[in-house]
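There are 4 protein chains.
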Amino acid sequence: MIVKTSFVSDNNSGIHPEILHAIEKANQGHCIAYGEDPFTEAALKKFKEHFGDNIDVYFVFTGTGANVLGIRAITQSFESVICSEISHINLDECAAPENFTGCKLVAVKTDDGKFSPEDVKPLLAVKGDEHSAQPKVISITQATELGTVYTQRELITLANFAHSHDMFLHMDGARISNAAASLGLSLREITGDAGVDVLSFGGTKNGMMIGEAVIFFNKKSKNKFKFIRKQGMQLASKMRFISVQFEAFLTNDLWLRNALHANRMAKLLAAELEKIPGCTITQKVEANAVFIAIAHKYIDKIQKEFFFNIWEGQQPVIRLMTSFNTKEEDIQDLIQVIKKIVES
Amino acid sequence: MIVKTSFVSDNNSGIHPEILHAIEKANQGHCIAYGEDPFTEAALKKFKEHFGDNIDVYFVFTGTGANVLGIRAITQSFESVICSEISHINLDECAAPENFTGCKLVAVKTDDGKFSPEDVKPLLAVKGDEHSAQPKVISITQATELGTVYTQRELITLANFAHSHDMFLHMDGARISNAAASLGLSLREITGDAGVDVLSFGGTKNGMMIGEAVIFFNKKSKNKFKFIRKQGMQLASKMRFISVQFEAFLTNDLWLRNALHANRMAKLLAAELEKIPGCTITQKVEANAVFIAIAHKYIDKIQKEFFFNIWEGQQPVIRLMTSFNTKEEDIQDLIQVIKKIVES
Amino acid sequence: MIVKTSFVSDNNSGIHPEILHAIEKANQGHCIAYGEDPFTEAALKKFKEHFGDNIDVYFVFTGTGANVLGIRAITQSFESVICSEISHINLDECAAPENFTGCKLVAVKTDDGKFSPEDVKPLLAVKGDEHSAQPKVISITQATELGTVYTQRELITLANFAHSHDMFLHMDGARISNAAASLGLSLREITGDAGVDVLSFGGTKNGMMIGEAVIFFNKKSKNKFKFIRKQGMQLASKMRFISVQFEAFLTNDLWLRNALHANRMAKLLAAELEKIPGCTITQKVEANAVFIAIAHKYIDKIQKEFFFNIWEGQQPVIRLMTSFNTKEEDIQDLIQVIKKIVES
Amino acid sequence: MIVKTSFVSDNNSGIHPEILHAIEKANQGHCIAYGEDPFTEAALKKFKEHFGDNIDVYFVFTGTGANVLGIRAITQSFESVICSEISHINLDECAAPENFTGCKLVAVKTDDGKFSPEDVKPLLAVKGDEHSAQPKVISITQATELGTVYTQRELITLANFAHSHDMFLHMDGARISNAAASLGLSLREITGDAGVDVLSFGGTKNGMMIGEAVIFFNKKSKNKFKFIRKQGMQLASKMRFISVQFEAFLTNDLWLRNALHANRMAKLLAAELEKIPGCTITQKVEANAVFIAIAHKYIDKIQKEFFFNIWEGQQPVIRLMTSFNTKEEDIQDLIQVIKKIVES
């Protein structure tokens, strides 16, 4: 459904005008398909400006595609991927990771979506035992599914731990822009420089129409990815129209402007919600998500006017996502609605 | 590379203006993701106008995705798919069909890309033998990879044969529009009405930016496809921007106008080529492809000015594809170049 | 290593003499391969005597093979299997279930290896959501990996629950004989009659050389299993030598005699261990496993004389398995060793 | 069915007495499972005596298991395996290779089951093209499915060719013993020494009860095979009973004695058949198979008295397999039957 503003997910937003303009501009004449074109070349150059020259980048269609194929490239089917219990790869990809990689996902319980080497250590006891899938990847989400953000130090610690156990660090960066904006660090500082081996770099949730990228920082982990992408049904024929989106995204800090805005809207939303009796913010608001616990009786009423997701658990928690084009007045409207319902 | 006009493939063309306009128009406000939006509803309605009410339609990103997931939906891993040796699923999908369905592809030799029940019959001897993958799908391409077109009668014969042996008829319709335009029949007459069970309906090669559809005519064969699509990494979050492309594509006969033009350009090209000594048209020109045998010494020279594909085989054959925006003067330019080279 | 008696696992035992004798007797002349022989026919008949006429039975090589292929037969790749966190399919099959079925395994925490509908209910909230693997199978182990046994009532409750949610009940019966012996019920009463849809019927751990069976009680769930077995690399060419083992196993209650003995040895062992200060039995001894918590300092010393497995966890727990040919004096020897070490 | 002597396949034979005796002898006491036992150690030593110290050997249950897992160990899912059109992996493994490796099988037509680099060369044109599965393995069968045998020179030529194109040479050696016996060469001379990278070493067809081995000559190709075997459901718990079969098989040339006998019986059979008018030997008799073309009207009658396979094709061809325990009088009986029918 079209709605004035949705708080369900940042993918309910549309295409940022600068992105759409780039698509329009690229629609001139014929162009070799599958990425051998100057638009793609230019986009790849942009990526190297942001992430350094030592990367390999590949464009795909979806976040699930980026995660699954990125992990596929660094695993064998008898290995396992350690992830958070609430991670997108564990909950929201319909077993695509298991199906396409053959690997087991081993889920770690977390309070705030983040986990540490301490959580992983006990899972490594099976190393070398042929009866057990062999731990090979630590997969984290940045920003997490709970709107929290790993610090650079936490990332380095996890990466060092992974590498010291002959494992890779994979990052689901569907909202990496929001994390970088939150930390005030560059994209590179919280990915390759922190030791991330493979990154799913998100575009769609932050203003693109369609497009995610898989970035390999560890050249050894790349492993003929172009074949994996094609076999994974993620190779676009009219590639230029994905490439120019990314070029625009990485030009004039569009990625950052969008993320800063979305994060700011989340902070504003949280600040207003905190003032409402009966609303409890349950997670640190570090990116563009706000989680609030609120009595069940209110939820139905609020849902009649605004869209958002209800999070599972004992007490009802609702997730409110902001995006690059959430407006301040949308926040105020939502707050008014909640206030009225709670206070009535 | 950007080129004035490419004859490599119809996917070297860009986005038709009516399609791009539809994308622009849909970029208003927020909208529920994953297809629960009014744009998608409208597009599905258009599909039913063209194919009848008894279909199920799902949008995916690529032709490979459409073929693989469509076949996945109607097979079990111990079954086999009978296809032409030069079919896209056999040659150009990097073993994605085998990898994602687990099935064997059994390839049939053909002269013109088309095959008949006679070619399939000997392959059915293994039915019931647990040592052999069990024939379950006949997969054909319409128009074929050689630019030929199955008649409606040929399709009905194949479909009846498949069904009488408890098999499905799958059609790779990456260029189904060109086939319908060629035959002067509706889309429905050469698919569902002819007995096709599952159709990969092509959009990208005929003027869309990104987008293919999987259509199930046989409701029994559908089999919970929404899960297969998600697991197959082919579910778009900002679905509206694929849906509106399809809506425009199926409105005011855009699909047909584009296909008729491309076919006409191919006929024109063939007519001109026939006049050039040393050029032999090797396949009937029934859709938007022209295959010519030409001495090897000429090919390199022509390639310096125009892009196209060289087809394997004893004598060199080159494939020239036309598209919705191939211009008459491009044809004339190409003809002049070839003439000059051959006559020099 | 060959050892006088091992308490590591019941598969450290050898071949029961009646089984070996059957193999010897079958080694006469030539015989059609792959199961079209009179030995296999006779074995299948034995199975029907025990489990009823309405079953389909297939022989495979290993417990992992039986579990994986049995589950494969009743699932599609986008579905999930709910199992105990410590189940064999989750911990000890090197991700074979994920790899061969494509499904996700969803693990449930348990205290004693058994779980109930209450544990499964919250996991069904994702039904119908295309982003989530769809719950389709409840897989339990009988006797469990912790040596406990589901009562017939508990089984019926689980089966009814599964069926009422359009799911199947799969049972890993690697030690189904020990469970039946423990409950004093027939094999049929705790499998098909209780509502089990697919059973991995264990032979190897209870006196056979090589051989497990997959039994389908729900004919609808069978689904062309002979092809799945062949594709799963579990079809024996000289099938008669597996069949005759099963025939002997199911004749004159050999399965029951063996299981009763193993169970009795476990009870004896537990009774003796309880008398030793510092040894705590941590699980009910209902089949042929004894779990004891014991101070870490003792474990190394005991291991110098007897083989067994150390179970993970906070306080060290060791698992002692008895088998069809564990002797009373082996128990006494082990007890003496432990006593001496603990008391020194 | 039990029959006096079958000519259907060498797997219709039983267990050689020396093999059965070895199983009986190993059935003493308890023994660590999964291959960490002295029987397995001894068997591995025997393999090294025959194949050299630089090998890795793993035991599995079936020829299909050996082929599929051996190929799995040296491929990625986007690669292809080039094999003969009539090879076991292409025709008789129910798409297990495709399903478990994800790879495409590319079949080469042959007259006599053997192929050469000339047949493979045209298939390498796709190297580097992301749309095509990448050729990585040449898989041959020795002795072939048509009873012919590659010479050592032919093997070396194929191996050199494979390696010079960054490919592996895989050999399905279900009847490798018959090939070595035929050539008068050691097992090593026609495998590792000739450049074979991975060998499926057959035991079952030549007198064992159950057991095949996967041998890696190229250590780089091994790639953590123990996990692949476990995930491939081919790890035996009571491994000792497979190991001792192999030990006996490789002791006192049992493998060779059996193979020489079977080959001799085939020669005898062929010599007698040649004398019968209307019988034409269609393939060189180099191992233990005899193929004869014979009028259709005779086949039914012969089948009433002896079992064998009818081979597909234009004119009816029947395959007669001999084995380690085919007796001369069985041959004479068969010849008499055929003679009588043909001459009546």
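Those protein sequence lines, which keep their order, are chains L, Z, R and G.
Quick note, the first sequence lines up with residues 689 to 1032 if you use my numbering.
Quick note, the second sequence lines up with residues 689 to 1032 if you use my numbering.
Quick note, the third sequence lines up with residues 689 to 1032 if you use my numbering.
Quick note, the fourth sequence lines up with residues 689 to 1032 if you use my numbering.
Beta carbons are placed, not taken as given, at the ideal position from N, Cα and C, and that holds for glycine.
> Could you give the residue range of the beta strand (DSSP E) that holds Z:Ile998?
Replying inline: Residue 998 of chain Z sits at position 310 when you count from the first residue of the second sequence. Element bounds for Z:Ile998: 997-999.
> Nearest-angstrom Cα distance between R:Ala977 and R:Gly861?
Replying inline: Looking up residue 977 of chain R in the third sequence gives position 289. Looking up residue 861 of chain R in the third sequence gives position 173. So the alpha carbons of these two residues sit roughly 15 Å apart.
>> Is G:Phe803 close to chain Z? Criterion is C-beta to C-beta, closer than 8 Å.
In response: Sequence index remark: in the fourth sequence, residue 803 of chain G carries index 115 (1-based). Closer than 8 Å: no.
> Who are the Cβ neighbours of G:Gly966 in its own chain at under 8 Å, not counting the five residues just before and after it?
Replying inline: Residue 966 of chain G sits at position 278 when you count from the first residue of the fourth sequence. Ile982, Ala983, Tyr986, Val1030, listed in sequence order.
> Could you give the distance in angstroms between the alpha-carbon of Z:Glu781 and the alpha-carbon of Z:Cys791?
Replying inline: Locating residue 781 of chain Z in the second sequence gives position 93, counting from the first residue. Locating residue 791 of chain Z in the second sequence gives position 103, counting from the first residue. If you take the alpha carbons of Z:Glu781 and Z:Cys791, they lie about 14 Å apart.
> Among Z:Ile1006, Z:Glu993, Z:Gln1003, Z:Ser1032, which one has its Cα closest to the Cα of Z:Asp1018?
Replying inline: On the second sequence, residue 1018 of chain Z is found 330 positions in, with the first residue counted as 1. Minimum Cα distance to Z:Asp1018 is reached at Z:Glu993.
> Does the beta carbon of L:Ser765 come closer than 8 Å to any beta carbon on chain R?
Replying inline: Here residue 765 of chain L refers to the residue found at position 77 when the first sequence is read from its first residue. Yes, L:Ser765 lies at the interface with chain R (some Cβ there is under 8 Å from its Cβ).
>> Within 8 Å of any Cβ in chain G, is that where the Cβ of R:Gly702 sits?
In response: Taking the first residue of the third sequence as 1, we reach residue 702 of chain R at position 14. Closer than 8 Å to some Cβ of chain G, the Cβ of R:Gly702 qualifies, so yes.
>> Against chain G, which members of the segment 849-869 of chain Z pass a CB distance test of less than 8 Å?
In response: none
> Can you tell me where the alpha helix (DSSP H) with Z:Thr728 in it begins and where it stops?
Replying inline: As a working mapping, residue 728 of chain Z is identified with position 40 in the second sequence. Run containing Z:Thr728: 726-739, per the alpha helix (DSSP H) assignment.
>> For G:Ala954, which residues in the same chain have their Cβ closer than 6 Å to its Cβ, ignoring the five residues on either side in sequence?
In response: Looking up residue 954 of chain G in the fourth sequence gives position 266. Counting only Cβ-Cβ distances below 6 Å, and skipping sequence neighbours, we find Val973, Asn976, Val978, Thr1010.
> How is R:Pro705 classed by DSSP in three states: helix, strand or coil?
Replying inline: In the third sequence, the residue the question calls residue 705 of chain R occupies position 17. Three-state result, R:Pro705: helix.
> Just how far apart, CA to CA, sit G:Met689 and R:Gly740?
Replying inline: Taking the fourth sequence and counting its residues from 1, one reaches residue 689 of chain G at position 1. Taking the third sequence and counting its residues from 1, one reaches residue 740 of chain R at position 52. Low confidence applies here, because G:Met689 scores a pLDDT of 49, under 50, leaving its location unreliable; read the following figure in that light. Answer to the nearest angstrom: the Cα atoms are 25 Å apart.
>> Which residues of the segment 711-722 of chain G have a Cβ closer than 8 Å to any Cβ of chain B? Give them in chain order.
In response: The structure shown contains no chain B; its protein chains are L, Z, R and G.
> From L:Ser925 to G:Gly753, what distance separates their C-alpha atoms?
Replying inline: By one-based count along the first sequence, residue 925 of chain L stands at place 237. By one-based count along the fourth sequence, residue 753 of chain G stands at place 65. Spanning the two alpha carbons is a distance of roughly 38 Å.
>> Nearest by alpha-carbon distance to Z:Arg841: which of Z:Glu877, Z:Glu818, Z:Asp807 is it?
In response: As a working note, residue 841 of chain Z is residue 153 in the second sequence. Considering only alpha carbons, the answer is Z:Glu877.
>> Please identify, using Cβ separations under 8 Å, the residues of the segment 916-930 of chain L that lie next to chain G, in order along the chain.
In response: Ile916, Arg917, Lys918, Gln919, Leu923
>> Less than 8 Å between CB atoms is the rule here; does L:Ala813 satisfy it with respect to chain G?
In response: Stepping through the first sequence from its first residue, residue 813 of chain L is reached at position 125. No, L:Ala813 lies away from the interface with chain G (no Cβ there is under 8 Å from its Cβ).
> So what's G:Tyr986 in DSSP terms, helix, strand or just coil?
Replying inline: Here residue 986 of chain G is taken as the residue at index 298 of the fourth sequence, counted from 1. Note: G:Tyr986 maps to helix in three-state DSSP.
> Thinking C-alpha only, which one of R:Leu961, R:Lys802, R:Leu923, R:Glu706 is nearest R:Ser775?
Replying inline: The residue given as residue 775 of chain R occupies position 87 in the third sequence. Checking every option, the nearest Cα to that of R:Ser775 belongs to R:Lys802.
> In terms of residue numbering, what span does the alpha helix (DSSP H) encompassing Z:Ile1026 cover?
Replying inline: To locate residue 1026 of chain Z, count along the second sequence from 1; it is residue 338. Start and end: 1016-1031.
> Going by other Cβ atoms of all chains shown within 10 Å of its Cβ, with 16 needed for buried, is G:Gly702 buried or exposed?
Replying inline: The residue you call residue 702 of chain G lines up with position 14 of the fourth sequence. Answer is buried; the Cβ neighbour count reaches 16.
> To the nearest angstrom, how far is it from the Cα of G:Ala795 to the Cα of R:Thr892?
Replying inline: As a first step, residue 795 of chain G is located in the fourth sequence; it is residue number 107 there, counting from the start. As a first step, residue 892 of chain R is located in the third sequence; it is residue number 204 there, counting from the start. Whole-angstrom Cα-Cα distance: 39 Å.
>> Please report whether the beta-carbon of L:Ala831 lies at a distance below 8 Å from any beta-carbon of chain R.
In response: Counting from 1 along the first sequence, the entry for residue 831 of chain L is found at position 143. False, the Cβ-Cβ gap to chain R never drops below 8 Å.
>> Please report whether the beta-carbon of L:Asn787 lies at a distance below 8 Å from any beta-carbon of chain R.
In response: Locating residue 787 of chain L in the first sequence gives position 99, where the first residue counts as 1. At least one chain R Cβ lies under 8 Å of L:Asn787.
> For a contact meaning CB atoms closer than 7 Å, what does L:Lys792 contact in chain R?
Replying inline: In the first sequence, residue 792 of chain L corresponds to position 104, counting from 1. Neighbours of L:Lys792 on chain R, chain order: Ala783, Glu786.
> In three-state terms, what does DSSP make of L:Ala761?
Replying inline: The residue labelled residue 761 of chain L in the question sits at position 73 within the first sequence. Three-state result, L:Ala761: helix.
> Which residues bound the alpha helix (DSSP H) around G:Pro805?
Replying inline: Residue 805 of chain G sits at position 117 when you count from the first residue of the fourth sequence. Element bounds for G:Pro805: 805-808.
>> Beta-carbon within less than 8 Å of Z:Ala710's beta-carbon, same chain only, minus the 5 sequence neighbours each way: which residues are those?
In response: On the second sequence, residue 710 of chain Z is found 22 positions in, with the first residue counted as 1. Result list for Z:Ala710: Val932, Gln933, Glu935, Ala936, in chain order.
> Does Z:Met689 have its Cβ less than 8 Å from a Cβ in chain L?
Replying inline: If you number the second sequence from 1, residue 689 of chain Z lands on position 1. Per-residue confidence for Z:Met689 stands at a pLDDT of 49, beneath the threshold of 50, marking its modelled position as unreliable; no derived number is given.
> By the criterion of Cβ-Cβ separation under 7 Å, what are the contact partners of G:Leu887 in chain R?
Replying inline: For the purposes of this step, residue 887 of chain G is taken as the residue at position 199 of the fourth sequence. Correct list: empty, because the minimum Cβ distance to chain R is about 17 Å.
> If the cut is a Cβ gap below 7 Å, which residues of chain R does G:Met897 touch?
Replying inline: In the fourth sequence, the residue the question calls residue 897 of chain G occupies position 209. Ordered by position in chain R, the residues that pass the 7 Å Cβ test against G:Met897 are Lys926, Phe929.
> What residues in its chain sit with their C-beta under 6 Å from that of R:Ser697, if we drop five residues either side in the sequence?
Replying inline: The residue you call residue 697 of chain R lines up with position 9 of the third sequence. Closer than 6 Å at Cβ, skipping near neighbours: Met1009.
> Which value, in whole angstroms, describes the spacing of the CA atoms of L:Phe749 and R:Asn787?
Replying inline: Against the first sequence, residue 749 of chain L aligns to sequence position 61. Against the third sequence, residue 787 of chain R aligns to sequence position 99. Going by the C-alpha atoms only, they are around 24 Å apart.
> What in chain L is Cβ-close to G:Glu818, meaning under 8 Å?
Replying inline: As a working note, residue 818 of chain G is residue 130 in the fourth sequence. Under the 8 Å cutoff, chain L gives Tyr722, Lys914, Phe915, Arg917, Lys918, Leu923.
> Does the beta-carbon distance from G:Ala831 to G:Ser870 come in below 8 Å?
Replying inline: Along the fourth sequence, one-based indexing puts residue 831 of chain G at 143. Along the fourth sequence, one-based indexing puts residue 870 of chain G at 182. In this structure, G:Ser870 lies closer than 8 Å to G:Ala831 by Cβ.
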